[in-house]
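Heads up: the protein sequence lines correspond to chains A and P, in order.
Counting in the working numbering, the first sequence runs without a single skipped number right up to 308 at its last residue.
Counting in the working numbering, the second sequence runs without a single skipped number right up to 1308 at its last residue.
All residues carry an ideal CB built from backbone N, CA and C; glycine is no exception.
Since this is a predicted model, take the numbers as computed values, not measurements.
Data first, discussion second: the structure below is written as C-alpha cells.
There are 2 protein chains.
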Amino acid sequence: MTLKVSDIGEKELVRYIIANSKDITPDDTAVTNFNGNNLISTCDMLIQSRHFPEKMSYFDMGFKSVTVNVSDLAAMGAKPLGFLLSIALPKDLELNSFKQIIEGVLSACNYYSIPLIGGDTNEASEIIISGTALGFCDKPLMKDTYNIGDLVVVTGDIGIAALGFNLDSMDNIYVNKVLKPIARLREGILINDAGATSATDITDGLACELHEMKKDGFGFMIYEERLDVSEEYKEISNQLNLNYLDLILHVGEDFELIFTISKDNLKNLDIDYKVIGKVTSSDKVEITLENNIIEEIENKGYEHYVSE
Amino acid sequence: MTLKVSDIGEKELVRYIIANSKDITPDDTAVTNFNGNNLISTCDMLIQSRHFPEKMSYFDMGFKSVTVNVSDLAAMGAKPLGFLLSIALPKDLELNSFKQIIEGVLSACNYYSIPLIGGDTNEASEIIISGTALGFCDKPLMKDTYNIGDLVVVTGDIGIAALGFNLDSMDNIYVNKVLKPIARLREGILINDAGATSATDITDGLACELHEMKKDGFGFMIYEERLDVSEEYKEISNQLNLNYLDLILHVGEDFELIFTISKDNLKNLDIDYKVIGKVTSSDKVEITLENNIIEEIENKGYEHYVSE
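Written as C-alpha cells, this is what we have:
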C-alpha cells in the first residue's frame, strides 16, 4: 500500500521536516542569533475552508491571519518587529472583500503594534493567507525549560472557542472568541519579564499543548476546579450533548498562553491569570477531577477543528 | 458592476496594500532596522497550478520554492540568514512525494547556505508552498537609486526560461531553466560589494523590471545586439512562430539579476555579466534594435506565465 500524507497526519509531517533539518529548534518559532540578538521568526498559513468558519467576515479573516502569527511571538515572550503578508485569492472575489481582508490585517497590525512591512498577492481557488511574524527578545521562552514544582498558569479561560464552534447563535463570548481571537502579546512579554520558565500558546487544545511541553521524567498535574468552569459553560455543553471537559482539553483555538513559573516569580506578574496546576515528576500528564479522581490526559486534539 | 480582484490584477492589489500601509517600502524585500543592522525579509507563495509546470518533479518544486525567495535576497545584495517553510498538501498526495519536496527544499537551502529554521504543514486542494527568506546586509540595493550614465547589466542570458515554457522536449538549457532556476545569491553580494547603484531580479520579464526600476526623469536604453541572442534561440523561436524579442522582453522567470553600476565600479566585479544598456535622461524605457531603429519597450509582462 502506498502511504498518503493523510495517513500520517500533519504533526508527523512536521516531525519529518524537523528530523531532516539540523537547523530547526522545534518550538513555537525559530530563534536565530543575529549580531548578538535573538531574532524570532514564525510563519503560519490559513486556508479558508479549514481555518475560517463560514460566518467569519473578511475583516476578521485578515485580523486572524495576524493573530495566529503574533500568538507564536507571544508564546516566546518576544516583542514585535514586523509582519509579512502573502495572500492568494480566487479570481472572482469581489475587490471590496479583498479590501476588507487588508483592513483586518492592518487593524490587527495596529492593535499589536507590529508594522506590516511586506505584501504579495496571488491567485488560488480559495482564500489563503500566509503570514510571517518577526520579533526579538533577550531570552526566548521555550516550551520545556520548566522545573519540578513550577506552577502551571494560563492567561485566561480555556475552551471558550471550543464551545463557540458548536453554537449557531452569534454575539456571545464563545462565538466571538472563534471569530476574533486575540493573541496575548503584551502578556507574553510581561510573563517573560517576570521570570516564567517556559510557555506556549494554546492552539490545538490544552491536552495537546501539555503533551508538547512534556519532557522525560517530568509531568503535569492539572486541577479541574482550578479551570473554574462556569455553570453556564457546563449547561450549554450539556444541552449540546457535549462533554464540557472534552471541549476544554481537546479543542483549542483560544490563543491563550500556558506558562510555567515559580511561586515567587508569579508574585511579580501584573496581569490576569489562572493557576491551573503544577509541574510534577510523575512523567504523566494528569488531571485531578472535581470528584478527586485522578485521570491521565490523553494526547488528543483537533488539529484543525473547523473543517472536521 | 461589482469589481472583482481579477479586474484590477495582482500588481494593483499589491499597490493597494502598499498605499494603505505606512511601513512598506516597495522594493524586492522589506528592510528593517534591527539594532543598527538591516534585516532583510521577503515571502513568496508558489501554487502548483500556477507556478509549477506539469513536468516539474516534486524535488524541483521544493527547490524552486527556496530559489524564488532567495532571489529576492540576491536582488538586495543581502547575505542569507534563514528560511521558513509553510507548505499545504492535498490529503491524497503520496508520502513519498512530500519527502521529495522536502528533499528539494533542503537541497536548495544547502546550495544557498541558508538554514531551514522553521516548517509548518497544512492541507489544501493543491500543493502550496509559501517561503520566507531572511537575510542581512549593510547597504541594501534598492531598485531605483541609479544615476544617469550608469551601465545596465545582467548576470546571464535573458529569455532562456521563456523559450523553455514553449518546448515539449526535455533536457535542453531552456527547459532546464524552467524546471530548476537558480538564484544569483553569490552574484548579488558581489555586485553590492563592487558598488552597484541598484538591482532587482528578473521574474516578470526584462520589460516589467525596467519599468519597475524607472523613476521620473530617468530612462533606460537597451541595445538589442548587447542581448547577444544566439542564432539557435532565434531559429527555435521562429519554428514556434514566436517573436524572439517578445520572449526576451516580456516573459521572465530567469531569476537573473539586472543591476546598474558605474563603468569604473564594473571593473571591480569578478563575475560573468553582460552590459545590455545604460541609464538615460529620456524618461523612457527604450531599445535600440539591431537595425538601429529605436523603439519604446512596453510595460507588459506575463505575471504568471505558466498558467496563462
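According to DSSP, is Thr2 (chain A) helix, strand or coil?
coil
Which whole-angstrom value describes the C-beta separation of Tyr1058 (chain P) and Ile1101 (chain P), a residue pair presumed to lie in contact below a C-beta threshold of 8 angstroms?
5 angstroms
CA-to-CA distance, Gly1205 (chain P) to Phe63 (chain A), given in whole angstroms
When rounded, the distance between both Cα atoms is 34 angstroms.
Inter-residue Cα distance where the pair is Ile1182 (chain P) and Met1142 (chain P)
In a straight line, the C-alpha of Ile1182 (chain P) is about 21 angstroms away from that of Met1142 (chain P).
Beta-carbon gap between Tyr1233 (chain P) and Ile1287 (chain P) smaller than 9 angstroms
no
Take Thr155 (chain A) as the anchor and find which of A:Asp228, A:Ile114 and A:Gly219 has the nearest alpha-carbon.
Checking every option, the nearest Cα to that of Thr155 (chain A) belongs to A:Asp228.
Asp44 (chain A) versus Ser1065 (chain P): straight-line alpha-carbon distance, rounded
16 angstroms
Tell me which same chain residues have a C-beta within less than 7 angstroms of the C-beta of Ile1158 (chain P), skipping the five on either side of it?
Excluding five sequence positions before and after Ile1158 (chain P), the CB atoms of its chain that fall closer than 7 angstroms to its own CB belong to Ile1202, Leu1206, Leu1227, Ile1248, Asp1254 and Glu1256, given in chain order.
Any C-beta of chain P within less than 9 angstroms: which residues of the segment 122-140 of chain A qualify?
Asn122, Glu123, Ala124, Ser125, Glu126, Ile128, Ser130, Gly131, Thr132, Leu134 and Phe136
Which chain P residues are close to Ile276 (chain A), counting only those with a beta carbon under 7 angstroms from its beta carbon?
What Ile276 (chain A) touches in chain P: nothing, since even the nearest Cβ is about 27 angstroms away.
Measuring only the C-alpha atoms, how far is Ile148 (chain A) from Gly1119 (chain P)?
30 angstroms
Buried versus exposed call for Ser113 (chain A) [16 or more other C-beta atoms within 10 Å across all chains shown]:
exposed
Below 8 angstroms on the Cβ atoms is my contact criterion, and I expect Phe98 (chain A) with Val1014 (chain P) to pass it. Report the Cβ-Cβ distance as a whole number of Å.
With 8 angstroms as the limit, Phe98 (chain A) and Val1014 (chain P) do not qualify as a contact, their Cβ atoms being about 11 angstroms apart.
Can you tell me which residues form a DSSP beta bridge with Ser198 (chain A)?
A:Thr260
For the beta strand (DSSP E) containing Met1061 (chain P), name the first residue and the last one.
Run containing Met1061 (chain P): none in the beta strand (DSSP E); it sits in the alpha helix (DSSP H), Tyr1058 to Met1076.
For Pro80 (chain A), which beta-bridge partners are listed by DSSP?
A:Gly135
Could you say if the segment 231-246 of chain A and the segment 114-133 of chain A meet the contact criterion of at least three C-beta pairs nearer than 8 angstroms?
no
Contained alpha helix (DSSP H) runs [length at least 4] in the segment 1166-1217 of chain P, N- to C-terminal order:
Correct list: 1173-1179, 1185-1194 and 1206-1213.
Whole-angstrom distance between Glu209 (chain A) and Leu1210 (chain P), CA atom to CA atom
50 angstroms
In angstroms, rounded to a whole number, what distance separates the CA positions of Asp283 (chain A) and Glu212 (chain A)?
13 angstroms
Residues in its own chain within less than 8 angstroms of Asn265 (chain A) by CB, not counting five upstream and five downstream?
Closer than 8 angstroms at the Cβ level, and outside the excluded window around Asn265 (chain A), lie Ala194, Gly195 and Ala196.
List, in chain order, every chain P residue whose beta-carbon is nearer than 8 angstroms to that of Ala88 (chain A).
Met1045, Ile1047 and Ile1128
Roughly how many angstroms lie between the CA atoms of Leu1179 (chain P) and Val1152 (chain P), to the nearest whole one?
Roughly 27 angstroms between the two C-alpha positions.
In three-state DSSP terms, what is Glu123 (chain A)?
strand
Any Cβ of chain P within less than 9 angstroms of the Cβ of Ile24 (chain A)?
yes
Cα separation between Glu123 (chain A) and Lys1011 (chain P)?
Approximately 12 angstroms between the Cα atoms of the pair.
Quick one: using the 10 Å Cβ neighbour count with 16 as the cut-off for buried, is Ser1041 (chain P) buried or exposed?
buried
Counting C-beta neighbours from all protein chains within 10 Å, is the total for Ile225 (chain A) 16 or more, i.e. buried, or is it exposed?
Residue 225 (chain A) is actually Glu in this sequence, not Ile. Flag for Glu225 (chain A) reads exposed.
Starting from the C-beta of Ala133 (chain A), find all residues in its chain whose C-beta is less than 6 angstroms away, skip the five residues before and the five after it, and write them out in chain order.
Thr42, Asn69, Val70, Leu73 and Phe83
Going by beta carbon distance, what residues of the same chain come within less than 7 angstroms of Ser307 (chain A), once the five residues before and after it are set aside?
In this predicted model, Ser307 (chain A) has a pLDDT of only 35, less than 50, meaning its place in the structure is not dependable; the value taken from the coordinates is given anyway. Excluding residues within five positions, the ones whose Cβ falls inside 7 angstroms are Ser49 and Arg50.
When you compare only the Cα positions, how much space is there between Arg1186 (chain P) and Phe1136 (chain P)?
14 angstroms
On the DSSP letters alone, give me the boundaries of the alpha helix (DSSP H) that Asp251 (chain A) sits inside.
Checking the sequence shown, residue 251 (chain A) turns out to be Val, not Asp. Premise fails: Val251 (chain A) is in no alpha helix (DSSP H) and is neither H nor E.
Report the option in P:Lys1079, P:Asp1060, P:Asp1023 and P:Ile1128 whose CA atom is closest to the CA atom of Gly1104 (chain P).
P:Asp1060
Given this structure, state the Cα-to-Cα distance separating His304 (chain A) from Asp246 (chain A), to the nearest angstrom.
With a pLDDT of 41 at His304 (chain A), under the threshold of 50, the predicted position of this residue should be treated as unreliable, though the coordinate-derived value follows. Taking the straight line from one Cα to the other gives about 15 angstroms.
Would you say Asn1035 (chain P) and Leu3 (chain A) are within 9 angstroms of each other, going by their C-beta atoms?
no
Using a Cβ-Cβ cut-off of 7 angstroms (strictly less than) and excluding sequence neighbours within five positions of Ile8 (chain A), which residues of its own chain qualify?
none
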